[in-house]
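Each remark here refers to the structure printed beneath this line.
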Amino acid sequence: MHVASADRYDSIPYRRAGRSGLSLPAISLGLWQNFGEGDPYDRQREIVLHAFDRGITHLDLANNYGPPPGSAESSLGRMLAQDLRPYRDELVISTKAGYRQWPGPYGEGGSRAYLLRSLDQSLRRLGLDHVDVFYSHRYDPTTPLEETLGALKTAVDSGRALYAGISSYSARRTSEALAVAAQLGLTLTLHQPSYSMLNRWIERPDVSGRSLLDVVGDVGLGMIVFSPLAQGMLTDRYLDGIPAGSRAARDGSLQRRFLSPENLGHVRALDAIARRRGQTLAQLALAWALRDERITAVLLGASSPTQLDENLAALDYLSLTPQELAEIEDHAVDAGINIWAPRSSDL
Ligand code: NAP
0 MHVASADRYD
10 SIPYRRAGRS
20 GLSLPAISLG
30 LWQNFGEGDP
40 YDRQREIVLH
50 AFDRGITHLD
60 LANNYGPPPG
70 SAESSLGRML
80 AQDLRPYRDE
90 LVISTKAGYR
100 QWPGPYGEGG
110 SRAYLLRSLD
120 QSLRRLGLDH
130 VDVFYSHRYD
140 PTTPLEETLG
150 ALKTAVDSGR
160 ALYAGISSYS
170 ARRTSEALAV
180 AAQLGLTLTL
190 HQPSYSMLNR
200 WIERPDVSGR
210 SLLDVVGDVG
220 LGMIVFSPLA
230 QGMLTDRYLD
240 GIPAGSRAAR
250 DGSLQRRFLS
260 PENLGHVRAL
270 DAIARRRGQT
280 LAQLALAWAL
290 RDERITAVLL
300 GASSPTQLDE
310 NLAALDYLSL
320 TPQELAEIED
330 HAVDAGINIW
340 APRSSDL
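Under numbering that gives the first Met the number 0, think of the first position of the sequence shown as 0, with each following residue one higher.
In structure tokens:
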């Protein structure tokens, strides 16, 4: 068993998720990439145990994380059994269902049949009797919200999840979901959208005339924003080309075309602002994403403990002057990298 660092709660701020009683570390860790079968287990374990030792109590998963789908949950399940069992109640573990997980009509979307079976599969892989947060991973236009949210309510009422959330729902769909949840007697605790200096959709009004930030702020829904480093674009990773072993080198979710001269021009300008503050670009990107108090936490990824340490140091210097914010505004422009929008209905 792992013996966790005694001072793990001394440095990270924990922020309340909206009006709920749930607190999350301002920097949380996701296991989307770098935790598949092809990634060395020892390194995965080193990252997760280091994160916990540094006070990162929230680990985010989904049924499909890997590859292959499910392997990130299996991997964390092994760590929970072999290293973290004494600390289970110090952790907030989330998972989701929404994207394609198994063949046929019941293996994706927002139906009750898919969500509850997927959650049971996730629990088996994790070796847990409950997760802390269960999310509808995306809005499903072919399933009534009553059914999707009803499944989340069953998950909570049956004790398989402590809290319920939605991910990548637009402002309009979030408002609808909140209304349906209220009718059903379900409390939604978290929204998980993408957000970074290069992907600012949550700030803009959608067809409903309101922005997602305004919707969550008005009702006190917590918000944890994912890919705050734009999958690594908002770090020094790509300033001198595409290194071997990096996410862009795989040309998967971080497509090489995203590293266009125009986007890299903005990244370099933001890097210069960060350096003037005595920070790295990753640290500036995280401070910027946390500047709005409606945002509970940033949810980042890491391929090494060193990256995590660099990112956690952002918490030492979060404040931004109006001048810095104005300067950032010129370069924090949408870079066409929101790959979740087309797969998440009407973002
Ligand atoms: P991210 O923090 O924007 O990107 C993480 C990647 O950036 C790392 O894997 C690493 O790339 C690079 N990086 C991180 N720190 C660095 C540093 N200090 N210096 C240089 N490079 C650094 O977040 P993400 O991994 O895209 O997503 C984070 C989490 O959000 C996921 O694990 C998942 O839990 C969640 N998420 C949710 C959804 C959803 O639909 N709800 C979708 C996507 C993600 P290398 O691997 O190249 O080193």
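All residues carry an ideal CB built from backbone N, CA and C; glycine is no exception.
All of these numbers come straight from a predicted model, not from anything done at the bench.
Applying the 10 Å Cβ sphere with the 16-neighbour rule, what's the burial state of residue i?
i: Glu328; result: exposed
i: Met0; result: exposed
i: Tyr40; result: exposed
i: Tyr8; result: exposed
i: Arg87; result: exposed
i: Ser157; result: exposed
i: Val2; result: exposed
i: Ala325; result: exposed
i: Arg274; result: exposed
i: Gln100; result: buried
i: Gln43; result: buried
i: Ala5; result: exposed
i: Asp139; result: buried
i: Glu45; result: exposed
Report all residues from its chain with a CB closer than 6 Å to the CB of residue i; omit the five preceding and five following residues, and keep chain order.
i: Leu122; result: none
i: Gly29; result: Asp59, Leu298, Gly300
i: Arg124; result: Gly69, Glu72, Ser73, Gly76
i: Gly35; result: Gly65, Pro66, Ser70
i: Ala334; result: Leu197, Asn262
i: Arg15; result: Ser22
i: Ala248; result: Ile241
i: Gln120; result: none
i: Asn33; result: Ser302
For the beta strand (DSSP E) containing residue i, list its first residue and its last residue.
i: Met222; result: 221–225
i: Thr188; result: 187–191
i: His57; result: 57–59
i: Tyr105; result: From DSSP, Tyr105 is part of no beta strand (DSSP E); its letter is neither H nor E.
i: Ile26; result: 26–29
i: Arg116; result: Note, Arg116: premise wrong, no beta strand (DSSP E); alpha helix (DSSP H) at 111–125.
i: Val130; result: 130–135
i: Gly164; result: 160–166
i: Arg15; result: 13–15
i: Val215; result: Here Val215 belongs to no beta strand (DSSP E); instead the alpha helix (DSSP H) covers 211–218.
Hey, could you find the ends of the alpha helix (DSSP H) residue i is sitting in?
i: Gly149; result: 144–156
i: Tyr98; result: No alpha helix (DSSP H) contains Tyr98, which DSSP labels as neither H nor E.
i: Tyr40; result: 40–52
i: Ala229; result: Per DSSP, Ala229 belongs to no alpha helix (DSSP H) and is neither H nor E.
i: Leu299; result: That residue, Leu299, is in no alpha helix (DSSP H); its beta strand (DSSP E) goes 296–299.
i: Leu177; result: 170–183
i: Met78; result: 70–81
i: Arg275; result: 260–275
i: Pro304; result: 304–311
i: Leu283; result: 280–288
i: Ile327; result: 321–328
Between which residues of its own chain and residue i is the CB-CB distance below 8 Å, once the five residues before and five after are set aside?
i: Leu183; result: Glu145, Leu148, Gly149, Lys152
i: Leu263; result: Tyr237, Leu238
i: Arg116; result: Tyr105
i: His190; result: Gly164, Ile165, Ser166, Tyr168, Thr173, Leu211, Val215, Leu220, Gly221, Met222, Ile223
i: Ile11; result: Pro24, Ala25, Ile26, Arg53, Gly54, Ile55, Leu311, Leu314
i: Leu269; result: Met196, Leu233, Leu280, Leu283, Ala284, Ile327, His330, Ala331
i: Glu323; result: Ile272, Arg276
i: Arg290; result: Leu317, Leu319, Leu324
Take residue i and list the residues in its own chain whose beta-carbon comes closer than 7 Å to its own, dropping the five residues that flank it on each side.
i: Val218; result: Leu177
i: Val179; result: Leu144, Glu145, Leu148
i: Tyr134; result: Ser93, Lys95, Gly164, Ile165, Ser166, Gln191
i: Leu228; result: Ser195, Thr234, Ala281, Ala284, Leu299
i: Ser207; result: Ala170, Arg171, Ser174
i: His49; result: Pro304, Leu307
i: Pro341; result: none
i: Pro85; result: Met0
i: Glu89; result: Thr56
i: Met78; result: Arg44, Val47
Please tell me whether residue i has its Cβ less than 9 Å away from any Cβ of chain D.
i: Tyr194; result: You won't find chain D in this structure, because it holds only one protein chain.
Nearer than 8 Å: is that true of the beta carbon of residue i relative to any heavy atom of the ligand NAD?
i: Pro68; result: Of the ligands this structure carries, namely the ligand NAP, none is the ligand NAD.
Decide yes or no for the touch test of the segment 61–75 against the segment 316–328: beta carbon pairs closer than 8 Å, at least 3 of them. no
Stretch pair the segment 183–196 + the segment 242–249: three plus CB contacts closer than 8 Å: no
Looking at C-beta atoms only, is the number of pairs between the segment 250–259 and the segment 277–289 that lie closer than 8 Å three or more? no
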